[in-house]
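Participant: Just so we're aligned, residue 1 is where the sequence shown starts under full-length UniProt numbering, counting upward by one. Think of the CB as a built atom: it goes at the ideal place given N, C-alpha and C, for glycine as much as any other residue.
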Amino acid sequence: MQNQSQNQSVASQSQTSQIPQIKGPEMNDRDRINDVLAMEKYMLLAYNIAANEASFDTLYRTQMDILSDIHQCQRDLFNMMHAKGWYKFDNADPQNVDKAAQKFTNYQTQFPYQ
(Lines of atoms letter the chains of each structure in order from A and count residues from 1; the text may use other names and numbers.)
(Lines give C-alpha, C1' and ligand atoms only; values in the text may rest on other atoms or scores of the structure.)
Protein backbone atom coordinates (compact mmCIF):
# COMPACT_ATOMS: atom_id res chain seq x y z
CA MET A 1 0.00 0.00 0.00
CA GLN A 2 2.81 2.38 0.93
CA ASN A 3 4.61 1.54 -2.32
CA GLN A 4 1.50 2.41 -4.32
CA SER A 5 1.14 5.83 -2.65
CA GLN A 6 4.85 6.55 -3.24
CA ASN A 7 4.44 5.65 -6.92
CA GLN A 8 1.42 7.96 -7.20
CA SER A 9 3.36 10.73 -5.47
CA VAL A 10 6.31 10.32 -7.85
CA ALA A 11 3.96 10.18 -10.85
CA SER A 12 2.14 13.34 -9.80
CA GLN A 13 5.45 15.15 -9.23
CA SER A 14 6.73 14.21 -12.68
CA GLN A 15 3.43 15.28 -14.25
CA THR A 16 3.45 18.68 -12.56
CA SER A 17 6.97 19.36 -13.81
CA GLN A 18 5.75 18.75 -17.37
CA ILE A 19 2.67 20.95 -17.18
CA PRO A 20 3.40 24.42 -18.60
CA GLN A 21 3.22 27.22 -16.10
CA ILE A 22 0.27 29.53 -16.63
CA LYS A 23 1.28 33.18 -16.69
CA GLY A 24 -0.18 35.27 -13.91
CA PRO A 25 -2.08 38.53 -14.38
CA GLU A 26 1.02 40.69 -13.96
CA MET A 27 2.53 42.34 -17.03
CA ASN A 28 6.16 41.93 -18.02
CA ASP A 29 8.23 44.22 -20.26
CA ARG A 30 7.18 42.36 -23.40
CA ASP A 31 3.49 42.75 -22.49
CA ARG A 32 3.89 46.47 -21.82
CA ILE A 33 5.76 47.16 -25.05
CA ASN A 34 3.29 45.06 -27.04
CA ASP A 35 0.46 47.06 -25.47
CA VAL A 36 2.15 50.35 -26.39
CA LEU A 37 2.78 49.09 -29.94
CA ALA A 38 -0.90 48.21 -30.31
CA MET A 39 -1.85 51.69 -29.07
CA GLU A 40 0.57 53.30 -31.55
CA LYS A 41 -1.05 51.37 -34.39
CA TYR A 42 -4.49 52.49 -33.24
CA MET A 43 -3.31 56.12 -33.04
CA LEU A 44 -1.86 55.86 -36.56
CA LEU A 45 -5.28 54.94 -37.89
CA ALA A 46 -7.03 57.70 -35.96
CA TYR A 47 -4.56 60.45 -36.93
CA ASN A 48 -4.59 59.33 -40.55
CA ILE A 49 -8.35 59.82 -40.67
CA ALA A 50 -8.07 63.13 -38.81
CA ALA A 51 -5.43 64.42 -41.23
CA ASN A 52 -7.50 63.39 -44.24
CA GLU A 53 -10.50 65.25 -42.87
CA ALA A 54 -8.69 68.37 -41.64
CA SER A 55 -10.41 71.49 -42.93
CA PHE A 56 -7.56 73.99 -42.34
CA ASP A 57 -4.01 73.78 -43.68
CA THR A 58 -2.47 74.55 -40.27
CA LEU A 59 -4.48 71.77 -38.64
CA TYR A 60 -3.57 69.41 -41.47
CA ARG A 61 0.16 70.14 -41.15
CA THR A 62 0.04 69.72 -37.37
CA GLN A 63 -1.73 66.39 -37.66
CA MET A 64 0.70 65.24 -40.34
CA ASP A 65 3.64 66.13 -38.05
CA ILE A 66 2.05 64.13 -35.23
CA LEU A 67 1.33 61.27 -37.63
CA SER A 68 4.97 61.22 -38.70
CA ASP A 69 6.11 61.14 -35.05
CA ILE A 70 3.74 58.26 -34.32
CA HIS A 71 5.05 56.35 -37.35
CA GLN A 72 8.60 56.77 -36.08
CA CYS A 73 7.66 55.71 -32.54
CA GLN A 74 5.84 52.64 -33.86
CA ARG A 75 8.85 51.73 -36.00
CA ASP A 76 11.25 52.15 -33.06
CA LEU A 77 9.07 49.91 -30.87
CA PHE A 78 8.88 47.30 -33.62
CA ASN A 79 12.66 47.35 -34.09
CA MET A 80 13.25 47.02 -30.34
CA MET A 81 10.82 44.09 -30.06
CA HIS A 82 12.43 42.41 -33.06
CA ALA A 83 15.93 42.92 -31.61
CA LYS A 84 14.82 41.28 -28.35
CA GLY A 85 13.25 38.36 -30.22
CA TRP A 86 9.73 39.36 -29.16
CA TYR A 87 8.47 40.06 -32.68
CA LYS A 88 9.55 37.39 -35.13
CA PHE A 89 8.86 36.92 -38.79
CA ASP A 90 10.16 34.68 -41.53
CA ASN A 91 12.53 36.09 -44.11
CA ALA A 92 11.00 36.29 -47.55
CA ASP A 93 12.41 34.39 -50.47
CA PRO A 94 14.08 36.94 -52.82
CA GLN A 95 12.26 35.46 -55.83
CA ASN A 96 8.89 35.98 -54.14
CA VAL A 97 9.85 39.56 -53.28
CA ASP A 98 10.79 40.21 -56.91
CA LYS A 99 7.49 38.71 -58.10
CA ALA A 100 5.48 40.89 -55.71
CA ALA A 101 7.44 44.00 -56.69
CA GLN A 102 6.85 43.30 -60.39
CA LYS A 103 3.15 42.70 -59.77
CA PHE A 104 2.70 46.05 -58.05
CA THR A 105 4.91 47.82 -60.58
CA ASN A 106 2.53 46.59 -63.27
CA TYR A 107 -0.39 48.03 -61.30
CA GLN A 108 1.15 51.50 -61.67
CA THR A 109 0.11 51.58 -65.30
CA GLN A 110 -3.51 51.49 -64.11
CA PHE A 111 -3.21 54.58 -61.90
CA PRO A 112 -5.08 57.60 -63.24
CA TYR A 113 -2.39 60.06 -62.04
CA GLN A 114 1.17 59.32 -63.07
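Tell me the rounded alpha-carbon separation between residue 65 and residue 76.
Facilitator: Approximately 17 Å between the Cα atoms of the pair.
Participant: Using a 10 Å radius around the Cβ and a threshold of 16 neighbouring Cβ atoms, would you call residue 45 buried or exposed?
Facilitator: Exposed, since its Cβ has fewer than 16 Cβ neighbours within 10 Å.
Participant: Within this structure, are the beta carbons of residue 50 and residue 60 separated by less than 7 Å?
Facilitator: Contact flag unset, no.
Participant: First and last residue of the alpha helix (DSSP H) that includes residue 60?
Facilitator: Taken as a continuous stretch (DSSP letters only), the alpha helix (DSSP H) holding residue 60 covers 57 to 83.
Participant: Are the stretch 67 to 84 and the stretch 94 to 105 in contact at 8 Å, needing three or more beta carbon pairs?
Facilitator: At 8 Å Cβ cutoff, the stretches do not touch.
Participant: Leaving out the 5 sequence neighbours to the left and right, which residues in its chain are closer than 8 Å to residue 90 when beta-carbon positions are compared?
Facilitator: Contacts found: none.
Participant: Between the Cα of residue 31 and the Cα atoms of 101, 86, 69, which residue gives the shortest distance?
Facilitator: For residue 31, the nearest C-alpha among the options comes from 86.
Participant: In the DSSP assignment, find the unbroken alpha helix (DSSP H) run with residue 40 in it and report its ends.
Facilitator: Element bounds for residue 40: 29 to 52.
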